[in-house]
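A short worksheet on the structure shown next.
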Amino acid sequence: MPPSTIKVEIKRQSSPDTAPVTEKFEIPYRPGMNITSLLGEIALNPVDVAGKSTTPITYDSNCLEEICGSCAMLINGKARMACSALVDKLEQPITLAPLSKFPVVRDLAVDRSVLFENLKKVKAWVPIDGTYDLGSGPKQFPQVQEQRYPLSNCISCCCCMEVCPQFNDVTNFVGAATIAQAKLFNMDPSGAVLKEERLRALSGDGGIQECGFAQNCVQACPKELPLTESISDMSRDVFVQKVKDIFTS
Ligand code: SF4
Ligand code: SF4
Ligand code: FES
Numbered sequence: 465m466p467p468s469t470i471k472v473e474i475k476r477q478s479s480p481d482t483a484p485v486t487e488k489f490e491i492p493y494r495p496g497m498n499i500t501s502l503l504g505e506i507a508l509n510p511v512d513v514a515g516k517s518t519t520p521i522t523y524d525s526n527c528l529e530e531i532c533g534s535c536a537m538l539i540n541g542k543a544r545m546a547c548s549a550l551v552d553k554l555e556q557p558i559t560l561a562p563l564s565k566f567p568v569v570r571d572l573a574v575d576r577s578v579l580f581e582n583l584k585k586v587k588a589w590v591p592i593d594g595t596y597d598l599g600s601g602p603k604q605f606p607q608v609q610e611q612r613y614p615l616s617n618c619i620s621c622c623c624c625m626e627v628c629p630q631f632n633d634v635t636n637f638v639g640a641a642t643i644a645q646a647k648l649f650n651m652d653p654s655g656a657v658l659k660e661e662r663l664r665a666l667s668g669d670g671g672i673q674e675c676g677f678a679q680n681c682v683q684a685c686p687k688e689l690p691l692t693e694s695i696s697d698m699s700r701d702v703f704v705q706k707v708k709d710i711f712t713s
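For what it's worth, the numbering used here labels the leading residue of the sequence shown as 465, then goes sequentially.
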């Protein structure tokens, strides 16, 4: 028998500088709910378990199908996406908290711009000269396409960084997602023009040498990117680049 209500405890913070508090809710059960719909129910009637009125919970979401990467949060202590976390599969009381390694904006919404800054560091893009029609790009072998495709599935959710023991203020480590995207663009025939710059960026402060190979990242990734394989491959390429630079400087 499914429960008649869903018990949920949410860590809330009204602004970046205020102390967090926990609010408890009890929501009528409906089959097939996910965490996003649960938060939607609270927004419709923001009253806590003691009957006290409160404000709707702030959180990020957009696609509702694990594509945009915006709804990552800690659900029962685990970094995962709210839209694909089904209430029926979670132990109660369900606990919700913001990702812990990123500045809180409000409630469950955090500022994950560090990932985009890190992607800029490694130039994770294909450079084009202007916006005119460049014609079809260089051909790629299907084997290379097959290796690149899983890397292109990254949704920038930052779960891999949240669970990484090395992703912290001391190391400045860029994290697994950035390394995987550097690999993706190094394998692109047009993107490879920046390959050496990417490898040098990954050998600097907070670079690939900070990875302790704990492999938490690969287990947390909702899109199952081959993160540890990417880190191994890029470690090798960074080393080769360093040796080349020694002999050409
Ligand atoms: S292997 Fe470990 S240390 Fe390296 S990025 Fe993944 S979680 Fe972090
Ligand atoms: S590599 Fe996976 S866990 Fe990391 S940001 Fe991309 S999708 Fe999220
Ligand atoms: S809302 Fe887009 S991944 Fe969850």
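The beta carbon of each residue, even a glycine, is placed where N, CA and C say it ideally should be.
Close Cβ partners of residue i (< 7 angstroms) along its chain, the five nearest in sequence each way excluded
i	result
C535	T500, Y523, D524, S525, M545, A546 and C547
L528	T500 and C547
T519	P510
A549	N498, I499 and I539
C-beta atoms of residue i and residue j nearer than 7 angstroms
i	j	result
R476	E487	yes
A588	Q645	yes
R662	V586	yes
Residue burial classification, residue i (beta-carbon count within 10 angstroms, cutoff 16)
i	result
P562	buried
N494	According to the sequence as given, residue 494 is Arg; it is not Asn. Per the 10 Å Cβ criterion, exposed.
V627	buried
D701	buried
Residue i (DSSP reduced to helix, strand or coil)
i	result
R576	coil
F489	strand
T518	coil
T482	coil
M651	coil
Cβ-heavy atom distance, residue i to ligand 3, below 6 angstroms
i	result
N617	no
Any non-hydrogen atom of ligand 1 closer than 6 angstroms to residue i Cβ
i	result
C622	no
A536	no
Q679	yes
8 angstroms Cβ shell around residue i - same chain, five flanking residues per side excluded
i	result
N632	K565
S667	Q673, V702, Q705 and K706
Cβ-heavy atom distance, residue i to ligand 2, below 6 angstroms
i	result
L648	no
C685	yes
A641	yes
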